[in-house]
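Below: the structure, in structure tokens.
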Amino acid sequence: MTVVVTPYVLAGGGPIVTEEIRARRPDIDLEHAESEGEFAELVADADVLVTHRLPEGVPEAAADLEWIQALSAGTDFYDYDALTDRGVALTTVSGIHAKPIGQQVLGYLLHFERRFDRAVAQQQRREWKRYTGGELGDRTVGIVGVGAIGSQVADYCRPFDPRVIGTKRDPTDAPDAVDEIYGPDGLETVLTESDYLVLACPLTDETRGLIDADALATLRDDAILVNIARGAVVDQPALVDALEADELGGAALDVFEEEPLPEESPLWDRGDVLVTPHVAGSTPHYWERCADVFVRNYERFREGEALENRVV
Numbered sequence: 101m102t103v104v105v106t107p108y109v110l111a112g113g114g115p116i117v118t119e120e121i122r123a124r125r126p127d128i129d130l131e132h133a134e135s136e137g138e139f140a141e142l143v144a145d146a147d148v149l150v151t152h153r154l155p156e157g158v159p160e161a162a163a164d165l166e167w168i169q170a171l172s173a174g175t176d177f178y179d180y181d182a183l184t185d186r187g188v189a190l191t192t193v194s195g196i197h198a199k200p201i202g203q204q205v206l207g208y209l210l211h212f213e214r215r216f217d218r219a220v221a222q223q224q225r226r227e228w229k230r231y232t233g234g235e236l237g238d239r240t241v242g243i244v245g246v247g248a249i250g251s252q253v254a255d256y257c258r259p260f261d262p263r264v265i266g267t268k269r270d271p272t273d274a275p276d277a278v279d280e281i282y283g284p285d286g287l288e289t290v291l292t293e294s295d296y297l298v299l300a301c302p303l304t305d306e307t308r309g310l311i312d313a314d315a316l317a318t319l320r321d322d323a324i325l326v327n328i329a330r331g332a333v334v335d336q337p338a339l340v341d342a343l344e345a346d347e348l349g350g351a352a353l354d355v356f357e358e359e360p361l362p363e364e365s366p367l368w369d370r371g372d373v374l375v376t377p378h379v380a381g382s383t384p385h386y387w388e389r390c391a392d393v394f395v396r397n398y399e400r401f402r403e404g405e406a407l408e409n410r411v412v
């Protein structure tokens, strides 16, 4: 069984993840395509691809392809129907981002609750003026999408003792750190009651534009929106309108409808918005964790067992 690491691995990670896999399973027939030309030669014999993305036409060129291991949690840019028709499995590394993203979200919450935004502004003005910070224990944190990442956010919130509520596709399977859980139809309740709304859901047909003008209007005027999901989950123009109308307390955004965020976006200049460049999932342990997931799935695949994080 031939495994090919494609040249479409982000951040120059192809050689790293290749070596991490080899360190764990040197017996695997593993090739790393360093260029598109080399990949074109290798893909025809590939049974398995390890990649972040796939250009159009690749699955068709890989006649023996049986499984794609995506090195991401989100797979909204893959053609599910085409893979299903070919009988090609698609798996993700969902879960490996949970700890860094959970820590990033906690940082966002403390940034606003302890008013670090005001501290930074005062420092830039060389202004010494005392103010009072808040406590997360007085707040309600709502999580849209209590999966691996949403559950980790809830766990990290626990020492600060906020009330944590959320939505989950299957609300019968809720983590202990969530005080109240609802199905997708409970979104309005979560919107109404949240001081902080954390978006941690995948991008699907159902969640695209989920947080639109009506949803934003349902939030409290002083609520903080945190998006570490996908940019398209939020209607970005509607978000800008809500902020400009003082109908929202602020936002912490790691993902956007268009990335990089255009220089002309009004979000850059707002003191009530914290912009980070899609780095919430970053960690020095990223590639080793990807390799761990792949090796577990490789062993399952060889044994004909159900694959971890399979989406197709």
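According to our numbering, the sequence shown holds residues 101 to 412 in order.
Ideal Cβ positions, reconstructed from N, Cα and C, are used throughout, including at glycine.
All values derive from a computational prediction rather than experimental measurement.
Residue j beta carbon less than 8 Å from that of residue i
i	j	result
Cys257	Leu287	no
Ile121	Val393	no
Asp372	Leu343	yes
Ala352	His211	yes
Asp164	Ala146	yes
Pro302	Val340	no
Val290	Val253	no
Ala300	Ala338	no
Thr184	Ala170	no
Tyr296	Val241	yes
Tyr108	Thr151	yes
Val143	Val105	no
Ala140	Leu149	no
Ala391	Arg124	yes
Arg239	Glu213	yes
Ala317	Glu347	yes
Val278	Val244	no
Gly255	Gly202	The amino acid occupying residue 255 in the given sequence is Asp; Gly does not appear at that position. Yes, the Cβ-Cβ distance between Asp255 and Gly202 is below 8 Å.
Thr304	Tyr282	no
Glu357	Gly331	yes
Residue i CB to nearest heavy atom of the ligand PLP below 7 Å
i	result
Gly202	Annotation note on the ligand PLP: not contained in the displayed structure, which lists no ligands.
Assigned exposure category for residue i - 16 Cβ within 10 Å defines buried
i	result
Glu131	buried
Leu374	buried
Phe177	exposed
Thr292	exposed
Pro159	buried
Pro262	buried
Trp228	exposed
Asp321	exposed
Gly137	exposed
Val333	buried
Ala189	buried
Leu226	As written in the sequence, residue 226 is Arg, which differs from the Leu given in the question. Exposed, because fewer than 16 other Cβ atoms sit within 10 Å of the Cβ of Arg226.
Ser135	exposed
Ala111	exposed
Asp335	buried
Gly234	exposed
Val264	buried
Val220	exposed
Thr232	exposed
Straight-line Cα distance separating residue j from residue i
i	j	result
Thr102	Ala345	57 Å
Ser251	Glu403	30 Å
Glu280	Pro115	44 Å
Pro284	Gly187	30 Å
Ala248	Pro275	10 Å
Arg410	Asp314	33 Å
Ala406	Asn397	9 Å
Ile311	Val355	14 Å
Trp167	Glu156	16 Å
Ser294	Ala182	40 Å
Gln224	Asp369	15 Å
Ser194	Glu408	9 Å
Ala173	Arg215	32 Å
Glu399	Pro126	13 Å
Pro259	Asn327	22 Å
Leu319	Phe401	45 Å
Pro362	Pro377	11 Å
Pro271	Val246	9 Å
Min CB distance residue i to chain D below 8 Å
i	result
Val340	Given the protein chain composition of this structure (a single chain), no chain D is represented.
Alpha helix (DSSP H) segments (min. 4 residues) lying fully within the segment 277-336: 287-293 and 313-318
Segments of 4+ residues assigned as alpha helix (DSSP H) that fall wholly inside the segment 189-268: 198-213, 216-224 and 248-257
Three or more C-beta pairs below 8 Å linking the segment 378-391 and the segment 107-122: yes
Within the segment 123-186, ranges of the alpha helix (DSSP H) (whole runs, at least 4 residues): 136-142, 158-161 and 180-186
At least three beta-carbon pairs within less than 8 Å, the segment 184-201 to the segment 375-384: yes
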